[in-house]
Structures are given as structure tokens and as C-alpha cells.
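Structure first, commentary second.
Number of protein chains: 2
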Amino acid sequence: MNGSMTLADAFKNSKYPVVGHGKRNVQVLLEAFEGTDGNASSDMYGKGETIERFQTKMAAYLGKPESVFFPSGTMAQQIALRIHCDETGKRKVAYHPLSHLELHEEDGLKELHRIETVLLADHDRLIRPADVRQLADDVACLLLELPQREIGGQLPPYAELEEISAYCRSRGIRMHLDGARLFEILPYYGKSAAELCTLFDSVYVSFYKGLGGIAGAILAGNAALAERSKIWKRRHGGDLISLYPYIISSDYYFDLRIGKMEQYYKEAMALAELYNDCGDAIRTVPSVPVSNMFHVHADLPKEALESVLSSVCETTGVGLSTWVKGLDDGGSAYEVSIGDRYADIPAERLREAFALLREKLQEGGYRAQ
Amino acid sequence: MNGSMTLADAFKNSKYPVVGHGKRNVQVLLEAFEGTDGNASSDMYGKGETIERFQTKMAAYLGKPESVFFPSGTMAQQIALRIHCDETGKRKVAYHPLSHLELHEEDGLKELHRIETVLLADHDRLIRPADVRQLADDVACLLLELPQREIGGQLPPYAELEEISAYCRSRGIRMHLDGARLFEILPYYGKSAAELCTLFDSVYVSFYKGLGGIAGAILAGNAALAERSKIWKRRHGGDLISLYPYIISSDYYFDLRIGKMEQYYKEAMALAELYNDCGDAIRTVPSVPVSNMFHVHADLPKEALESVLSSVCETTGVGLSTWVKGLDDGGSAYEVSIGDRYADIPAERLREAFALLREKLQEGGYRAQ
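See below:
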């Protein structure tokens, strides 16, 4: 049997899946619409009470004058950067080499908007003030992703954010926040979203990461940006006659889970401790999580780690991950995001699972290179 | 009171609204998902059974090797034209001056894809073979919208379509079908969708016009076009983690209403006759509908027609339109699309309404200029 299939199947059948809120299935929609008034009108091409009320609510939450609902973050962020370029008369933006725009969007920003990119920092570390000070003045906007997902969800100290923002503003460089996981980092910084967003000229947030909605995004900023973004939304083909399936569900899951971010964060710290207590062959990045997420890095090859995780899952019922990816150095890794499921796992089952994980890693004789 | 508000309100409260399927409200979603299995998995970024099964079904229906689901026709059509340009190495496409791309998309095709456009025919007539024969060979693709919505939903004879298609193919010009209302015209042509689509290299269809779904579109063509369109869908920000709210509802309303297109077409013909029997001041375009839609043109100014329609609506309970637009020549017009509602109106009520409409138009002394 194929190792990866085995792990995915084992996870699927596990009694105690550790990550996420639940299955991504139609029930997510049915729950959000249970009890919804069928007479509520659809939004119509970006207008109407359903969409306008939610945009007002999110603008207030993010502390910006206006916000606009988008089907996706890919669309919202390209458009934000395009507007910053157009308004400043520049054609370059700067971001991390592992930014979503660089890895997962088929170069939409370059292909559709002809915007050049400047990559700051490195594959294994955050953008720091020293990186930002190297930027030339022909950069329209710096995009910061908080937390930096592809390196385990790391965050700079808040003082560095303030320093970066102040520097950029002094040089006429706009600041855009990729806040795909903004809600999830607020407990660590101990700031409100509005407070953090004062450091940025525009901000995007997502409703299907920590909040667990179906899909959808909000782009917030000043009134001019909001108006221009609606024109670009139409151009991108995102100004649908009806976005309410995403709006109503986003609103529902926002209300349901926005108050649980501190809980997820603390649970992620507790879970990371369990991983970091399993011997030298396995560790979390960051070592102490700063949100509901972290990455697990192991010195085992992908197939070996899959086999270990499958075995732990089948024996204890605890599903630690549904997938593993191989790394260039011969090791392997996976991502952990804490959601509603974690709280349902009896502590005893978790202890058993990690005792077995530790044992199996030691049996295998794996250790740090 | 504002005349337009009055008409919209009168229509909203009318016992017998004549146009459409029903209100665009959340009930449209609730109905589509009633009885849906909550355990059905979401599609995941364009993959999974829900999306693949529907794409296969629509490809078969349209007689094309493959089809791809999109959030919107705006996105699907720009992408189809871009691919035709890239594959032929040309940068121009041709379409009608009242095409959706020219009127309603904020120039997305030009702004995002830098494609030049050649406008064929005129504001008051269809593209004919003689227009197409004027095209230079530097045109990648001819887009035909069937029916041509902005001129009342007119159609050329089928033989002209065949002639245009054969000519374009002989000159290396691709053919794209804007089939936003394709389902609605099949009874007139007496053709299957697959048969008609053989004249085109790519075709877009919509699920919220005659079918009355929430939103969503299909782009169909050969395998290379389908694959390329998925990359562009990602670039546009349309490759959502979950499109199932639109897919499941599109599938539901396709099955519910695809067999009713002949009925809507016949009802549109009957209703147009009633309009054309109301004296010289009012008429339908086309005079005999070729689908479920037509436009009503009147020699009255917008405000006067609104007042007449409001009065008919309040007196007889029959809502003929919710809006009227003023025309440059001082007259006015509105669009009629037949859906499920029409069949529910007692014939006697309709006769009363049109008798009153005729009377009011004559009282007003309106006549053709």
C-alpha cells in the first residue's frame, strides 16, 4: 500500500483528529444557514443589506474606514497591491519569498497586473527591519504576512512591526497586511485587530482558516481604496450577482469562533510542548507557537514519518496529521493548526499517543543530523 | 414620490409578478440544499467529486471534451479569450458593441489581459456574415452572444451561424460562444446544446439566468483549454477552496428547469403578443421572441411609463416590470425574462392587465414618433 494513502486513511478514520475544526463538508454550510430567514434578500453585485452590513462590521473590527467582501484572498491582495502601485505611480512591491502570492497564485500579480516583486528576507526567517531598510524608493508597497505561514507561523516582535511601519511611511512605501491568519495572532500580541491595523494602509483577512468558514475574504482600507477595489473586483470576475453563501457563513463563523483564538493559541503551545518532548528527532517551528499553528519538523524521511504517524493513529486513535511532506535535507515536515477538535481529545489519549510517538522515534533510531 | 421607487414597490407587492422565477433571496439556496447530505465533501481548489462530476456532466451536455466550473462568466470569458489569443499568437478579439465584456466588466479584458477589441455590427442589430468577412486575420477569436441580450435577445438564422463558423475556421479565427442564455435558445433552433456548440471552439454558460441558480458558470472546450483555464482561474482569484455552494445549486436548478425552456419560450411569445396588441405606443423587440426574453420599447418618457405600469400593477395585481430605463430618443424600455412565475398567473388577470395598459396608453395619447 501507498504510505501516504495509509496515513490519510488512518487520519480519516481516527477517533481523535488533533488538527482543524472538523471535516470540510457540506455540513459547514448547512450549520451556517440553519435558521436563516429564507426571505432575506440576496446581495446584488456588491450591493444590498447582507453584504453592506458585513462590510461595515468588518471595517469597524479592523479599524478602517471601509471594507469590501471578496470571494478570495488571492483576488483581494492582488487588487490591493495594484491600487497601491497605481496610486503611488510605482510598479514594484516587496514581500517574503514564501508569500502566498509567490507560491500559490500562478504569478497572477505578474501575469495580470505586470507588477514586479522584490523578495525580502529568506526561506527560513522573517522579514526584519534591516531587510526593509534596503528597499529602494521605487517600491510602492511592502506586504507583510502575519504570521508567516510557510515557516510555521512565525511573528516578529511588535516593536519591529512598528519600526518597519514607521520606516516605510517615512519613505512613502505603503504597508499591506496579509492577515489570512490575523485573528489567530491577536492573543500573542495582546492587541486588538484595529490597533495592529493602524500600522498598515490596507489589510486582508480570511474566513476559512482559523474561523473555519466556507470561503471568502475582506479587504479593508480607506474609502478610495475600497471604491477602486470594487472596480477591480468586477474586472477580475469576482463581483458576483450573489456572494451571500460566503458572506452569511463568514459572518456566522466569525461570531462563533472569534472569541476562541486565545484558547487555540494556548492549546497550540501545549501541543508543541508534547512534540518537543519526544526526543531529538522531532521538533516544532517555532519552538513556542505564537498563534494556533506551527510546523513539525522531523529527521525521518517522509515515508518513515508517515508510517510512524499511521501506527500511532491506528493504535491510539489520535490522528496527528493527514499528510507529511519531504524536505530537501532528507527530513520531513507537516503543518498543525488548532481548531475546535483539540478540546475534545481526552488528555489521557494525547499522552498515550505522544508516549507511543516518542517510543517509535527512538526505536527507529532517528536523531538530529 | 419618486416614480421609480413607486414602480419597484408596486412590483414588489404585486400578487402576480410576470417576470422571473421568484425573489432572489436566501430561499434559493435553502431549496437547493434541502435534503443534501451534510457528509458530502467540499470540493478542494477545483478538485473532488462534487466539482468533477458536475464538470463531466456539463461537458457531455455541451458536447465538449472538458468543462471547468467558474464563479462567474466575466472570469470564464476573459480567460477563454486570453487562451485563444495566446494559442494563436494574436492580441485581438471581435465581438458586438453591446457585448457583456464591452458594457459590464469595467474593461477587464483590456486592463488585465491587454487584449484589443474589434467591434462588429451595430447597437441595433446582430452580427451578420458580411460583418465577419471584414475581419482581418490578426483576430484570434470571434465571440458571439446568443441571444444578443442588449437588443432584446435576438438570434441570427442557424444557417448564418454555420456560415460564420465555417468562414472563421477557414481563416484561422477561433469561435467563442457567450452562452449566458444558451439553454433558453435551444427550443427556437430545435438543436441540442452539443450540436450548436460544434460551431464553437469554446462555450460559456451561466446558471443564474434562465435556470435561476445562485451564481456560477461553466467554460467548456478541449482539454488544453480546460487545463489552461484552471491556471488562469487561479490567477484571477477564482480557484476557491470551496465552490460547492454554487456547484450544488447550479446542478439542482439545471435539473429542475432545463426541461422548461420550451415552455418559457412559448410563454414569452404569448406575452409579446399581448404587448404588441396594445396600440402603436408600445412594442416588443424582437417582435416575435426567439427565447424566454424580449425587450419592451415604448414611446413614453421613462417617468410616464413607470406611472402607467405602477397603476396597472396596483389596480390588477399584475407586475409587468420592476424598472424602466429612459432611451436617448425620449422613449423608454425594459427587459422581460420569463421564468416559473408566468405559469401561475390566471389568464383572466393577464387580460385585465393588458386591457388596462392599452387603455392607459391611449388615454395618454402616446403614439409612435
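Residue numbers (this note's numbering), protein chains in the order written: chain Z, 108 to 476; chain B, 108 to 476.
In this text, a Cβ means the ideal position worked out from N, Cα and C, and glycines have one as well.
As the structure is a prediction and not an experimental result, all values here were calculated from the model.
Endpoints, alpha helix (DSSP H) assigned at residue i
| i | result |
| --- | --- |
| Z/R465 | A454 to E470 |
| Z/G215 | G215 to H220 |
| Z/L363 | Y351 to R364 |
| Z/A322 | Element bounds for Z/A322: n/a, residue is neither H nor E. |
| Z/F140 | Q134 to F140 |
| B/S313 | B/S313 -> not in any alpha helix (DSSP H); beta strand (DSSP E) instead, spanning S309 to S313. |
| Z/R335 | A330 to H343 |
| B/E374 | M368 to N383 |
| Z/L303 | A300 to C304 |
Interface flag, residue i vs chain Z, CB-CB below 8 Å
| i | result |
| --- | --- |
| B/L427 | no |
| B/L363 | no |
| B/M182 | yes |
| B/G433 | no |
| B/T224 | no |
| B/F161 | no |
| B/M108 | Bear in mind that the predicted position of B/M108 carries a pLDDT of just 38, short of 50, making it too unreliable to give a figure here. |
| B/V310 | no |
| B/F314 | no |
| B/R341 | yes |
| B/E212 | yes |
| B/G345 | yes |
Distance between residue j and residue i (C-alpha atoms, nearest Å)
| i | j | result |
| --- | --- | --- |
| B/D447 | B/E421 | 22 Å |
| B/C385 | B/Y265 | 31 Å |
| B/M108 | B/A454 | Caution is warranted here: a pLDDT of 38 is assigned to B/M108, below 50, making its placement in the model unreliable, and no coordinate value can be reported. |
| B/F307 | B/Q184 | 13 Å |
| B/A327 | B/P352 | 20 Å |
| B/S417 | B/A411 | 10 Å |
| B/V443 | B/R465 | 18 Å |
| Z/A166 | Z/A287 | 16 Å |
| B/Y91 | B/Y382 | No answer is possible for residue 91 of chain B: it lies beyond the span of chain B, which begins at 108 and ends at 476. |
| B/D362 | B/A331 | 28 Å |
| Z/P254 | Z/G438 | 24 Å |
Helix, strand or coil at residue i [DSSP, three-state]
| i | result |
| --- | --- |
| B/I280 | coil |
| B/H203 | coil |
| Z/C192 | helix |
| Z/Y274 | helix |
| B/V397 | coil |
| Z/I158 | helix |
| B/D229 | strand |
| Z/R235 | coil |
| Z/N109 | Its pLDDT being 38, under 50, Z/N109 is placed unreliably by the model, and the measurement read from it follows with that caveat. Note: Z/N109 maps to coil in three-state DSSP. |
| Z/L415 | A small correction: the amino acid at residue 415 of chain Z is Val; Leu does not occupy that position in the sequence shown. The answer is helix: DSSP assigns Z/V415 an H, G or I state. |
| Z/T224 | strand |
| B/D116 | helix |
| B/Y123 | strand |
| B/Q261 | strand |
| Z/A243 | coil |
Contact with chain B by residue i, beta-carbon distance below 8 Å
| i | result |
| --- | --- |
| Z/I338 | yes |
| Z/H402 | no |
| Z/S111 | Confidence in Z/S111 is poor, its pLDDT being 44 and thus under 50, which makes the residue's placement too unreliable to answer from. |
| Z/N399 | no |
| Z/Y382 | no |
| Z/I348 | yes |
| Z/A117 | no |
| Z/P294 | no |
| Z/P352 | yes |
| Z/Q261 | no |
| Z/I321 | yes |
| Z/F140 | yes |
| Z/N120 | no |
| Z/V133 | yes |
| Z/S149 | yes |
Where the beta strand (DSSP E) containing residue i begins and where it ends
| i | result |
| --- | --- |
| Z/Y441 | S439 to S444 |
| Z/I292 | Unbroken run through Z/I292 is the alpha helix (DSSP H), L289 to Y296; no beta strand (DSSP E). |
| B/L250 | V246 to E252 |
| Z/E173 | E173 to F177 |
| Z/I389 | I389 to V392 |
Rounded Cβ spacing between residue i and residue j (contact assumed at less than 8 Å)
| i | j | result |
| --- | --- | --- |
| B/G319 | B/N399 | About 11 Å separates the two Cβ atoms, so there is no contact after all. |
| Z/I222 | Z/V200 | 6 Å |
| Z/L293 | Z/M368 | 6 Å |
| B/R281 | B/H191 | 4 Å |
Members of the region 178-210 of chain B that neighbour chain A once the beta carbon cut-off is set at 9 Å: In summary, chain A is missing from the structure at hand, where the protein chains are Z and B.
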